[in-house]
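Chains as they are written, first to last, in this note's numbering: chain A, 1 to 240; chain B, 1001 to 1240. Glycine included, every Cβ here is placed at the ideal spot set by N, Cα and C.
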DNA sequence: CGATACCTTGACCACTTTCAACGTCCGTGG
DNA sequence: CCACGGACGTTGAAAGTGGTCAAGGTATCG
């Protein structure tokens, strides 16, 4: 698993303090979390947890991007979730993982051993309530992704994916500046997330560029030139 | 909304008593639920809740089948969840529904007004814990469906759908008897659930019948002749 | 008995995949 | 510093799966 323990950061100074599972914890509760947490890092491409593995820990993503994936017996794969900073990994109350979790960029986790965390949950209503909210939000997100997978065209899928990245990374247009984005996934992983092939992903991104909607500066970075056009291209009736 | 209030059934005699949100409630807790519950019925085809509607109530499905659906602006639709008896409808803590909920067969609900139910949740840990389990199970189910939508072929989708019906309705093969199934959805709704067209659904079902895997007695009922073949046709590596 | 909703089947077509070749970036080691 | 190798990405042509359009069949309910 090749993880490294890194220097502890104080919860107070944590970049995800106000969004993660700990966001509703008060000072005392935060102190007890601080005692049992560990930071670990995983290099891009490394697995964090395989399907079928025993779940020994849960964690919040502090930095980086990980994917939650599934595989059919003949090797077809589907990414079923994209985990960004503040997202929660693992499942209290479950022994084994149903999904592969893989670091897509370098990832830093704020990690809790499962048993102590379950104890914390049982004794800290603030944290368990927050976990319910997180689970319900993920359920909504999963259901939104189902209409994308089932009913959207390749170009709508790409536009929706890029819009989602902009939204979830809280990237705002500041006075006329065009939003600049980094793709945290390879074309192949994007394809696995959108249920396309990597060739189709490549072609559709090229098409969006040719249509003047965006402009790649290199293969992992682009500027959005026409945000409204991008939104219209998602096929959704409301801004994502 | 055209709903009818029907005679109350005692919780003790309720067919979903041991599986629904109330399953972990003790006698006292059950008594307080009994006080605030109402039974309502909805005829096949009637909407139970539209997207954007205020969520005035939550409910368990006692009998029948309902679908949870979404629509794109040009009318493309996707069913994102199939609600069977004991499943939970509605979202405590949310003001508005994100999905259309439609009765697919005649449906009987055990219904709670949202506010009193939220009060119950806050004061009854057994019930809120059960609701978390339900939400996490639904999240897993949604993610399983994502690989079906994204990566399975039309015939695998049909086989998976039929296998799921058999599993979720707890239909067992009793001494050599072949499982007999009722389809609770029209071909069109099945298509909306599997992200196919109704024509493809029809063709693939015919193909399964011609392959000797199943046998339709009429268009809404069939016998499974070869359960193993059906499982193999799902594309999954483990029996669903 | 007729109207309507539901289902089946066929022919054709389009979008995405597949297969293949080539191009580009980046890290490593000579 | 440059050359090599491997991973990643682009583009083109051909093929295939499922969609679309169309016609006809069947069950059910008034």
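- Around residue 156/A, the same chain offers 233, 234 and 235 as residues with beta carbons nearer than 7 Å, after the five sequence neighbours per side are excluded.
- At a cut-off of 8 Å between beta carbons, residue 1177/B makes no contact with chain A.
- Look at the beta carbons and you see the region 44-57 of chain A not touching the region 13-30 of chain A: under three pairs across the two are nearer than 8 Å.
- For residue 68/A, the closest C-alpha among the options 1129/B, 1022/B, 1146/B and 1061/B is that of 1146/B.
- DSSP assignment within the region 93-127 of chain A yields the following whole alpha helix (DSSP H) runs of 4 residues or more, N-terminal first: 114-123.
- Taking 8 Å as the cut-off between beta carbons, the residues of the region 126-157 of chain A near chain B are 128, 131, 132, 133, 135, 136, 138, 139, 140, 142, 143, 144, 145, 146, 147, 149, 150, 151 and 152, in sequence order.
- Pairing residue 1104/B with residue 1167/B gives a Cβ-Cβ distance that is not under 8 Å.
- Around the beta carbon of residue 150/A, a 10 Å sphere encloses 16 or more other beta carbons of the protein chains shown; the residue is thus reported as buried.
- The beta carbon of residue 197/A sits closer than 8 Å to those of 191, all from its chain and outside the five residues before and after it, given in chain order.
- Contact between residue 1039/B and residue 1108/B is confirmed by a C-beta separation of about 6 Å, below the 8 Å threshold.
- The three-state secondary structure of residue 83/A, taken from DSSP, is strand.
- Annotated three-state conformation of residue 169/A is coil, per DSSP.
- Under the three-state reduction of DSSP output, residue 1036/B falls in the helix class.
- Contact annotation: in the region 1198-1211 of chain B, no residue has its CB less than 7 Å from a CB in chain A.
- From the listed residues 1098/B, 1091/B, 1101/B and 1169/B, the smallest Cα separation to residue 133/A is found for 1091/B.
- Distances from the alpha-carbon of residue 1203/B to those of 1154/B, 1097/B, 1128/B and 1008/B put 1154/B closest.
- Contact with chain B is absent for residue 220/A, since none of that chain's Cβ atoms lies less than 8 Å from the residue's Cβ.
- Residue 1111/B sits away from residue 1010/B, with the two beta carbons spaced by 8 Å or more.
- Within 10 angstroms of the beta-carbon of residue 212/A lie fewer than 16 other beta-carbons, which makes it exposed.
- At a beta-carbon threshold of 9 Å, the residues of chain B lying near residue 235/A are 1072, 1073, 1074 and 1076, ordered along the chain.
- In the three-state scheme derived from DSSP, where H, G and I count as helix and E and B as strand, residue 196/A is classed as coil.
- In this structure, residue 135/A sits near residue 1135/B, with a CB-CB distance shorter than 8 Å.
- Take residue 209/A, set aside five residues on each side of it, and the residues of its chain with a beta-carbon closer than 7 Å to its own are 215 and 216, in chain order.
- DSSP, reduced to helix, strand and coil, places residue 1131/B within a helical segment of the structure shown.
- Measuring C-alpha to C-alpha distances from residue 1186/B to each of 1116/B, 1082/B and 1179/B identifies 1082/B as the nearest.
- Counting the other Cβ atoms within 10 Å of the Cβ of residue 1218/B gives fewer than 16, which makes it exposed.
- In chain order, 143 make up the part of chain A whose C-beta sits under 8 Å from the C-beta of residue 1081/B.
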